[in-house]
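Written out as structure tokens, the structure reads:
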């Protein structure tokens, strides 16, 4: 027997926002739009190019808005992640990461038929694999050497190592050495503004030192790309970066919200999980229908959002697979617990892996669903 | 310009297992099969029905194997999660959870056209919503009252509350009160075997007390459903449960692996993430291509698996979005770090939310890909 039964959509354009099925991932489009404009204006003012990171959202609908407002292209973190963006019409993609092995090198080389593609290296074996793949495909790639500016993850240690890789890149006419990638993920979530400022300064100093070594050897760095949403004001002012890669600023998750900010460049929470109370049987708490499968908790539990601020009376205190436990804050009354079936909005702890759980991002404006964007790169980590 | 470019598959049947693209989710089919058989034999021996939980795998291919080996049906945790299982031909599904609101009640009632469906309640409002929805759809539902046996999540407190709900259920001819659900998630991961035994005994005692209250009131409990992979040997021996709901036993994640076991009923690790070394630029560590978007870390970081055991020399020490950091264990030499492009297998910390990241589960036997099963309920948390 064939079953024709299909799951109804969680939301459709025109629907009232407070009737979206739960749990769903919701984007406040007005707030999102202000975030996009603010970052573009800051980059324009600094004379630095903006290449927003798509790993934060995996959603071509967002990249197309960013490019329409002035972004020069996008970053992706994995080769496979770039595929739906190429298909959606993005024509300039930097893969801000090393690729391992001939299968992925071949995919990068194929992608380069359809868009301008760049990729990072920190080892001659990666350069050689890219050279073979592009020769086979008959395509060209731009290549960046990644330098370690303090995170201790990927990237070579110094200018001498960059020069060795640049020489190897230069040996292959189908590869073009474009410059340096310098990114320090660890400083993005240092809580204090001064700590982040000092951390970003150290990363910029290390980058500047490598640039100087290259210049002394007669190698110009056309592009220096890096930076993130937590350090962007310092990255823009550093004089080192020609291009910045922030991603999370479009959403501002709770982890970024927990940073303190002293500068003028600030972003607002635009991303929420709509959830509903599914059990009130325990008297001292309620259970909501969004748990570990509806949000990433690696960077902390979500905030309960209420009239433009984190709730003063309720905390989301524990996430099980499909349940969230909501309790009164210490000292608050259980009388303030919401009733069965009522809805709340959560600000997720970490946006990137949360987006990676959803197939759709529901755009809302003025209390009405305006768009349902596919999270087309969801799950594409190869 | 239309782009015809599509992402090549990560794996195809017949392919050598060590050429699967990374990161990918891999199931050792022989080990999986032994786990399925062991649980079925234990349930059969105890005279208890096995209704494995599909929230652990979200994969109809697995449920069909379990049912073919003797399972009476499956559990799902959300209404939407059940849809692909109904479509795949599963005809008996218990939704082991409360459903919030009329939209979900309507979906449950629709599903009941295609399969025998049961659902939990812990509030009269839920009963009334199910009554309205089934009346509208012209379908029937089995209903379980969930009792709180110590977790403090969903479920009513005592027999009196069960009786009140049973009376409400009985007022609707299209609803049938089938019995009790009694599940305590918190005891599944108590590390010590004796601790889990004692925790399971307390949960069974609470369940038994409610059953006695119901019997004293002349209400028979046809089915008592509950239990999990960490407590199953005690659940089976308790005399309280007529049906058990374990899910993770098919995989055995690292969190279950960290439990100690003293009894005869044991399961083996069958689920792995295939990952590859993508950077060796930092001398004291290597970077692999599986991070937060390729595994859930809410219950701890993955184990590196090597020749049937956790690696004695290497640790996966940190997960970023798309990077994993692998370092020598304390005292081990950096000379043992694997080279660029080499592969390793990880046992994920928590299987349920890890499966929820992947669209496909690659089944391997004898070093060859045998099956590529869709994780068809991935992302279905509504």
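Chains as they are written, first to last, in our numbering: chain A, 38 to 419; chain B, 38 to 419. For glycine and all other residues, C-beta sits at the position ideal for the given N, C-alpha and C.
1. May I ask you to report which of helix, strand or coil DSSP gives residue 258 of chain A?
2. Can you tell me whether DSSP reads residue 402 of chain A as helix, strand or coil?
3. If the cut is a Cβ gap below 8 Å, which residues of chain A does residue 395 of chain B touch?
4. Reducing DSSP to helix, strand and coil, say where residue 115 of chain B ends up.
5. Grouping DSSP H, G and I as helix and E and B as strand, with all else coil, what is residue 56 of chain A?
6. DSSP on residue 208 of chain B, reduced to helix/strand/coil?
7. Applying the criterion that 16 or more other CB atoms from any shown protein chain within 10 Å of the CB defines a buried residue, is residue 41 of chain B buried or exposed?
8. Might you give, ordered along the chain, the residues of its own chain that have their beta carbon closer than 6 Å to the beta carbon of residue 109 of chain B, omitting 5 neighbours on each side?
9. Can you tell me whether residue 309 of chain A is helix, strand or coil according to DSSP?
10. Using 10 angstroms around the beta-carbon of residue 405 of chain B, count the other beta-carbons present and answer buried if the total reaches 16, otherwise exposed.
11. Residue 46 of chain B versus chain A: which residues are under 8 Å apart at the beta carbon?
12. Return the residues of the region 330 to 343 of chain A that lie within a Cβ-Cβ distance of less than 8 Å from chain B, sorted by chain order.
13. List the residues that DSSP assigns as beta-bridge partners of residue 200 of chain A.
14. Residue 38 of chain B to residue 125 of chain A, Cα distance in whole Å?
15. Looking at chain B, is there any beta carbon in it that lies within less than 8 Å of the beta carbon of residue 42 of chain A?
16. For residue 66 of chain A and residue 393 of chain B, I'd like the C-alpha separation in whole angstroms.
17. Cutting at 8 Å between CB atoms, please list the residues of its own chain near residue 70 of chain A, excluding the five before and the five after it.
18. Considering only the beta carbon of each residue, do residue 335 of chain B and residue 329 of chain A sit closer than 8 Å?
19. What is the DSSP secondary structure of residue 279 of chain B, reduced to helix, strand or coil?
20. Comparing C-alpha positions only, which one of A:397, A:165, A:261 and A:51 sits nearest to residue 407 of chain A?
21. If contact means a Cβ-Cβ distance below 8 Å, which residues of the region 342 to 375 of chain A contact chain B?
22. Are the beta-carbon atoms of residue 316 of chain A and residue 159 of chain B separated by less than 8 Å?
23. Short check: CB of residue 168 of chain B to CB of residue 145 of chain B, under 8 Å?
24. Which chain A residues sit within Cβ distance under 8 Å of residue 377 of chain B?
25. What is the residue span of the alpha helix (DSSP H) that residue 423 of chain B lies within?
26. Can you give me the C-alpha to C-alpha distance between residue 333 of chain A and residue 390 of chain A, rounded to a whole angstrom?
27. Looking at the structure shown, is residue 364 of chain A part of a helix, part of a strand, or coil, going by DSSP?
28. In terms of alpha-carbon separation, which member of A:215, A:347, A:410 and A:57 lies closest to residue 200 of chain A?
29. Where does residue 370 of chain B land, buried or exposed, given buried means 16+ other C-beta within 10 angstroms?
30. Which residue or residues does DSSP assign as beta-bridge partners of residue 65 of chain A?
31. What is the DSSP secondary structure of residue 94 of chain B, reduced to helix, strand or coil?
32. Going by DSSP, what residue range makes up the beta strand (DSSP E) through residue 42 of chain A?
33. Note the first and the last residue of the continuous beta strand (DSSP E) segment covering residue 298 of chain A.
34. Could you tell me how far apart the beta carbons of residue 190 of chain B and residue 164 of chain B are, in whole angstroms, since I believe they sit closer than 8 Å?
35. Any beta carbon from chain E within less than 8 Å of residue 55 of chain B's own beta carbon?
Reading from the atomic positions:
1. coil
2. strand
3. 416
4. coil
5. helix
6. coil
7. exposed
8. 86 and 88
9. strand
10. exposed
11. Those within 8 Å of residue 46 of chain B in chain A number zero; the least Cβ separation is about 10 Å.
12. 330, 331, 333, 334 and 335
13. For residue 200 of chain A, which the question treats as bridged, DSSP gives no partner whatsoever.
14. Here the model assigns residue 38 of chain B a pLDDT of 48, short of 50, so the residue's position is not dependable, and the following value carries that caveat. Cα-Cα distance, rounded: 10 Å.
15. yes
16. 27 Å
17. 102
18. yes
19. coil
20. A:51
21. 356, 357, 358, 359, 360 and 362
22. yes
23. no
24. 137, 160, 162 and 163
25. There is simply no residue 423 of chain B to check, as chain B begins at 38 and stops at 419 in what is shown.
26. 6 Å
27. strand
28. A:215
29. exposed
30. A:401
31. coil
32. Taken as a continuous stretch (DSSP letters only), residue 42 of chain A belongs to no beta strand (DSSP E), as it is neither H nor E.
33. Neither: residue 298 of chain A is in no beta strand (DSSP E) and is coded neither H nor E.
34. The Cβ separation is near 19 Å, so there is no contact.
35. Absence of chain E from the displayed structure is noted, the protein chains being A and B.
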